[in-house]
Amino acid sequence: MAVYVAMQQFRKADRMASIFGFRSRDPARDRQTDLQRFDRLAKLFDQIAAEIEAEKTGLENRYKSTAANAAFLVEAMENGSASASKGSDVSAMTSSILNCERRIAELARQKGLMKELRHSLDAIVEDGSNRLAAQATARG
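Whatever position you read off the sequence shown (first residue = 1), add 19 for the working numbering.
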């Protein structure tokens, strides 16, 4: 029975030591970890924005080329230098142009969203810096 009581007292003392022995990390280290995480996220947003811009630029170039080809083909058909059977080509080009316009509009929306997300992330980082500065001022 004495051994049981001794073990219970040891466990109680061990729990108390672990409660009072708890240490948290330095807030500066926590902030550095947060900043590294936010930096990775900012780089990802920037990378995605660049991908969107590259796709949009490529589509705009193809759009201009297809629109010019369609215009020349229509003109040639009107002048009689191209057969009327080329009408299906004009129809396919028109469909392609409309699809390009829709995709370019979607990419513009996505680019705006990435810009908003990036701005929100910058605001989060700035808010965290302001809170740390306020805490440091209050302590010291």
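The beta carbon of each residue, even a glycine, is placed where N, CA and C say it ideally should be.
message: For ILE71 and LEU126, which I take to be in contact (beta-carbon distance under 8 Å), what is that distance rounded to the nearest angstrom?
response: Along the sequence shown, one-based indexing puts residue 71 at 52. Along the sequence shown, one-based indexing puts residue 126 at 107. About 5 Å separates the two Cβ atoms, so the contact holds.
task: Take VAL93 and list the residues in its own chain whose beta-carbon comes closer than 7 Å to its own, dropping the five residues that flank it on each side.
output: Reading the sequence shown from its first residue, position 74 is the one you call residue 93. Taken in chain order, the residues that qualify are VAL109.
message: Using a 10 Å radius around the Cβ and a threshold of 16 neighbouring Cβ atoms, would you call PHE64 buried or exposed?
response: On the sequence shown, position 45 is the one that residue 64 refers to. When all chains shown are included, PHE64 counts as buried.
query: Which class does SER104 belong to by DSSP, given the choice of helix, strand or coil?
result: Taking the sequence shown and counting its residues from 1, the one referred to as residue 104 is at position 85. Helix at SER104.
- prompt: Where SER102 and ALA89 are concerned, what is the direct C-alpha to C-alpha distance, given to the nearest angstrom?
  reply: Working through the sequence shown from its first residue, we reach residue 102 at position 83. Working through the sequence shown from its first residue, we reach residue 89 at position 70. Those two C-alpha atoms are separated by around 14 Å.
query: Excluding five sequence neighbours on each side, which residues of the same chain lie with their C-beta closer than 7 Å to the C-beta of ARG122?
result: Along the sequence shown, one-based indexing puts residue 122 at 103. Here the set comprises LEU78.
Residue nearest to VAL144 in terms of C-alpha spacing, selected from ARG128, GLN28 and ALA61: The residue labelled residue 144 in the question sits at position 125 within the sequence shown. It is ALA61 whose Cα lies nearest to the Cα of VAL144.
- prompt: Among the residues of its own chain, which have a CB less than 6 Å from the CB of THR156, if the five just before and after it don't count?
  reply: To locate residue 156, count along the sequence shown from 1; it is residue 137. For THR156, where only same-chain residues beyond five positions count, there are no Cβ hits under 6 Å.
query: Run through DSSP, which three-state label would GLY99 get?
result: Reading the sequence shown from its first residue, position 80 is the one you call residue 99. In the structure shown, GLY99 sits in coil (DSSP, three-state: anything other than H, G, I, E or B).
query: Nearest CA to the CA of ALA152: which residue from ARG50, SER43, SER115 and LYS134?
result: If you number the sequence shown from 1, residue 152 lands on position 133. Looking at the Cα atoms, ARG50 is the closest of the given residues.
Closest by C-alpha distance to SER115, when choosing among ARG59, THR52, ALA69 and ALA87: Along the sequence shown, one-based indexing puts residue 115 at 96. Of the listed residues, the one whose Cα sits closest to SER115 is ALA87.
- request: Could you round the C-beta distance between LYS105 and MET96 to whole angstroms and report it? I think they count as a contact, below 8 Å.
  value: Locating residue 105 in the sequence shown gives position 86, counting from the first residue. Locating residue 96 in the sequence shown gives position 77, counting from the first residue. At roughly 6 Å, the Cβ-Cβ gap stays under 8 Å, so LYS105 and MET96 are in contact.
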